[in-house]
Amino acid sequence: MARLLIVSNRLPISVRVDRGALCLTRSSGGLAAAMRGPHERMCAVWIGWPGSVAGLTPEQRQDADAALAGIRAVPVHLGATEQHRFYDGFSNGVLWPLFHYLLDKVNLDAELDWEAYQRVNERFADAVAEQYRPGDVIWVHDYQLMLLPALLRKRLPGAQIGFFLHVPFPSADVFRSLPWREQIVRGLLGADLLGFHTAGYRKNFAASAAHVLGLDPDEAAIEHDGRRVALGVHPISIDAAEIERLAAHPAVREEAARIRAEAGGRKIVLGIDRLDYTKGIPRRLLAIERFLEREPELHDQVRFIQLAVPTREMAGAYAEFRRVVHEMVGRINGQHGTTYATPIHYMHRSVPLDQVVALYLAADVMLVTPLRDGMNLVAKEYVAARIDNDGALILSEFAGAASELAEAISVNPYDIGSVAAAVKRALTMPRAEQQTRMAALRRRVATHDVHAWTQSFLDDLDGAAAPASELAALTPRREVPESVVERVRLAPQRVWILDYDGTLVPFAPVPDLAAPDEELLALLRALSERDRVHVVSGRPRADIERWFGALPLHLHAEHGFWSRPMACDDWVPLESDAAAWKGEVRAVLEDFTRRTPGSFIEEKTVTLAWHYRTVEPELAGEHVRELRARLAERVSADALELLGGAKVLEIRPRGVHKGRVVPLILDDVPARAEVIAIGDDRTDEDIFAALPPSACTIHVGNKSSRAAYRLPDAGAVRNLLRSIHA
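Be aware that the sequence shown starts at 5, since it is given in my numbering, and climbs by one per residue.
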């Protein structure tokens, strides 16, 4: 029976010893709460770190593992130093501040921490692989395990793997400052589905993949390593029904009444946050101070309650942050307090959920002003708790929840004056307006609750993950087997059909910079002494003639429109005239070139190519889509076709393609010859399609291909040619 394997940094249960006795306590946090339902309802297995077991005896550790197994929890045990470097050092010392745009807090000299991050992700991969059964669905969570999808893909090629990021994904410009950016992107792209809270985070990831790996993502997917990785928008939510149940409970309502009575008739403005520098608490306190300065007559009419939940207490940076917040609260209370009232009631502790809901019920205004937040479930919990449809929510525009909770009062948390003004607006909002706004918010939160979030993600993962048989049909093998290399090496005769750009040489920013080096020329000359070598390129015949004309090679230019046999000095066209269409299309391309810095047009005998390799990726993606639409309106689908390549869009007559040269090549092939074709892009698929199954076909790169085998890059192609020629 297929199972769900939930994988996160922490288990929802922590193991500890209390007065010599073994204790298992439920972990707090949005992820633990969100996945508790699937873990219980779907009989899922949860894999994660259970907390330090250094203080446990061997017998207690065995008992702890057995107890965890009884609730379908699999521990990944980590040493103290390893855990510190992985979690505090890299996850929270590098990724957390970077993803929240707090670049001054990012430690970029973290090589040892990065090594620990890699090792721990490997440990998790081993643990998941050990638990995995064919058909299981793997759901990996959050920034601590961003290498894990690719590690699992390597171990479990046919597995369904989803990854959800619970924090923001930053803009491409910010993400690209990370020294380990390529490894992180490649790690994530091992998944079948990557889930993000908002469309903005998804767009940021796609742009980062384009910048870092040179990929061409569309709005909802990225093709990588022969697979299509879906990109989904899945805003996480809460168990709205449970919050509503608590809000209606007599004991909770009684506690809310006690809190209001203690406020002495003053209106309550509430903030609840983890004591983390991303939550904007210092700037919120400055906004409260600004409110008190502007509205002296309201001093005795408003009480601000700030609950700061402890987090990462052992980290030095957080201890300093805690000191700053405490001092700010003391200063503001000292300055604005009166004989009758202290404006800010500050609590630094954890509070059970029922007491949190009581605070939600008591508060007239909820103040949620993070500097940056992946979602912020406090805002949604407040909304769900307001079962009388009253109260007002002030929400930072930089929280992921802002994309859903449009009826909240939106603020820029960096603008303390506007936050202060929003507090007054919320406090004086007519009850009818409160109810109109809150009713709309409550409907949305109730409809899109945590159960809908879970089901939506799993449904999309099921649709994104191709069956193993389909993957096998679409994806070339990881490498050319040694048995195939040996077969080719021992063949009495060989015929090579070789693409040029991306196959024999790496791509260059502009075509003229990709001229063959002396090593390549020597390799092709040596290969042609024994074998028949055909170079089939999209390049103009002038380039191919200039570079290879002096070598004993069969040459084919412009996707086979021009051919020059080895013993011939003249180029022969495929057709007499196939270029009458170019004038109108050229005008369209020239218009886009003017509007797209870094792009240029390459004109060949019967094709036009628009290159955009050096164009900023976001602009390139936008203009490629627009150009395709414009050309589709102007050209006849019967006569012309648009062909997307490696950062190039080519327009050519239908039927003019590299596959047309294959019959000419095969007509002259000896019966026992081994035919080997190597290419890297869509144009080379026509060659692979035209060859018989007995041919050895090799795709270069990471895209889907009908080729039988795969090599990673041009360097690997050259190594293969050398090994066979030797």
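Beta carbons are placed, not taken as given, at the ideal position from N, Cα and C, and that holds for glycine.
With DSSP collapsed to three states, give me the class of residue i.
i	result
P79	strand
D758	Because the chain here runs from 5 to 730, residue 758 falls outside it and cannot be looked at.
P153	helix
L646	strand
T343	coil
L397	strand
S473	For S473, the predicted structure reports a pLDDT of 39, less than 50, and the residue's modelled location is therefore unreliable. The matter cannot be settled from this model.
I142	strand
H170	coil
L182	coil
R656	strand
Q164	strand
I680	strand
S698	coil
V306	strand
L478	Any reading at L478 must be qualified, since the residue scores a pLDDT of 44, below 50, and its modelled position is unreliable; the value itself is stated next. Looking at L478 - three-state DSSP - the assignment turns out to be helix.
H615	strand
R710	coil
V11	strand
R429	helix
L217	helix
H330	helix
I242	coil
What first and last residue would you give for the beta strand (DSSP E) that runs through residue i?
i	result
L559	H558 to A561
I276	K271 to R278
D22	I17 to D22
K200	Note that residue 200 is Phe in the sequence shown here, rather than Lys. Taken as a continuous stretch (DSSP letters only), the beta strand (DSSP E) holding F200 covers L197 to F200.
F604	F604 to E607
N416	Taken as a continuous stretch (DSSP letters only), N416 belongs to no beta strand (DSSP E), as it is neither H nor E.
V539	R536 to V540
T458	Run containing T458: none in the beta strand (DSSP E); it sits in the alpha helix (DSSP H), V454 to A468.
Mind checking whether residue i and residue j have CB atoms under 7 Å apart?
i	j	result
I188	I165	no
V539	L559	yes
L193	H228	yes
S32	G55	no
G378	P221	no
V361	L399	no
H201	G404	yes
L15	G52	yes
A718	T701	no
L393	A425	The amino acid occupying residue 393 in the given sequence is Asn; Leu does not appear at that position. Result no, Cβ atoms of N393 and A425 do not sit closer than 7 Å.
R307	I272	yes
A252	L365	no
Closer than 7 Å, CB to CB, is residue i near chain D or not?
i	result
R545	Here there is only one protein chain, and chain D is not present.
What separation, rounded to the nearest whole angstrom, lies between the Cα atoms of residue i and residue j?
i	j	result
E474	D92	Its pLDDT being 44, under 50, E474 is placed unreliably in this model, and the value from its coordinates should be taken loosely. Whole-angstrom Cα-Cα distance: 41 Å.
G204	F94	25 Å
K89	D113	For the record, residue 89 in the displayed sequence is Arg; it is not Lys. Each residue's Cα considered, the two are about 13 Å apart.
L311	H452	27 Å
D419	L381	23 Å
G341	P347	6 Å
V666	R686	16 Å
L593	L612	9 Å
D146	G659	48 Å
G74	D67	11 Å
R185	P510	21 Å
S414	N706	43 Å
V652	A636	16 Å
E483	A712	10 Å
D277	V124	29 Å
E549	L528	15 Å
E86	R127	11 Å
Q305	A265	13 Å
P513	V619	10 Å
L557	M570	5 Å
E115	M46	40 Å
Note the first and the last residue of the continuous alpha helix (DSSP H) segment covering residue i.
i	result
R590	K586 to R599
W500	It is not in any alpha helix (DSSP H) - W500 instead sits in the beta strand (DSSP E) that spans R498 to L502.
H43	G34 to R45
V382	L381 to A389
R123	E115 to Q135
*In chain order, which beta strand (DSSP E) runs of at least 3 residues are fully inside the segment 48-96?*
Counting whole runs of 3 or more residues, the segment 48-96 contains the beta strand (DSSP E) stretches 49-53 and 77-79.
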